[in-house]
Every structure is written in structure tokens, then in C-alpha cells.
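Numbering (UniProt numbering), first residue to last: 1 to 108. Each residue gets a CB set at the ideal place from its N, CA and C atoms; glycine is no exception. These figures come from a predicted structure and were not determined experimentally.
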């Protein structure tokens with residue numbers, strides 16, 4: 001269930017757009033399994049892996065360098081990065097301001 005979480009600053013003040021502070025309680029395993037197969041990645045059994053999205057604000061470091069840094073940190077935590085997947089950009093219009101275009105990024 002996705003809920004607004006006021007304690008994290010989520011307010012959806014315009015009541016028309018999402019606040020981005022929802023919580024997903026489970027990984028859609030079948031969807032991840034399909035994407036993993038397409039990327040030639042062997043996905044561990046359900047419950048034996050984690051998934052995440054990294055938001056990069058540092059424009060001075062290259063993406064490969066950031067991926068290498070992230071992999072190093074995960075290794076120090078006794079974790080392994082199975083794969084980094086590229087993102088697809090999809091343009092969408094904000095209902096509140098149709099003249100403004102945003103970018104939504106989704107995994108291929």
C-alpha cells in the first residue's frame with residue numbers, strides 16, 4: 001500500500017500530483033525476473049536480493065565512476081551488485097501546469 005507520509009515532508013500540496021514518498025512493501029519478483037533475463041542476469045530467489053534506484057545529482061563525476069564507487073561500498077558491506085541497468089526517459093506533462101514538461105525515468 002502506498003500512503004502519504006507527512007513525517008517525511010510528503011504533502012502533495014496541489015492534490016493533483018504525487019508526493020514521491022510512498023512505500024512499496026514487496027518487490028514485483030516476476031517483473032524483475034523478466035528484466036533480469038533480458039539483461040542476462042541471474043536473479044537470486046525471492047527474498048535473497050534487494051533492489052534500488054540511485055538518484056545522481058553530482059554532474060562532475062561520470063556515471064561509470066559513480067557505479068564503481070557504489071560497487072566498492074557494497075563490497076565493503078559484504079554485498080554484491082548483480083547489474084546496473086540503463087534507464088528509459090519518458091516525457092510527461094504535469095496536469096497542474098501543462099506548459100511544463102517533466103522527465104520520468106523507468107527501467108527498461
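According to the DSSP assignment, residue 79 belongs to no alpha helix (DSSP H), since it is labelled neither H nor E. By the C-beta criterion, the stretch 25–33 is judged to be in contact with the stretch 43–52, since at least 3 inter-stretch pairs fall below 8 Å. A straight line joining the alpha-carbon of residue 67 with that of residue 80 spans about 12 Å. When rounded, the separation of the alpha-carbon atoms in residue 85 and residue 43 is 13 Å.
In the structure shown, residue 33 falls within a helical segment according to DSSP collapsed to helix, strand and coil.
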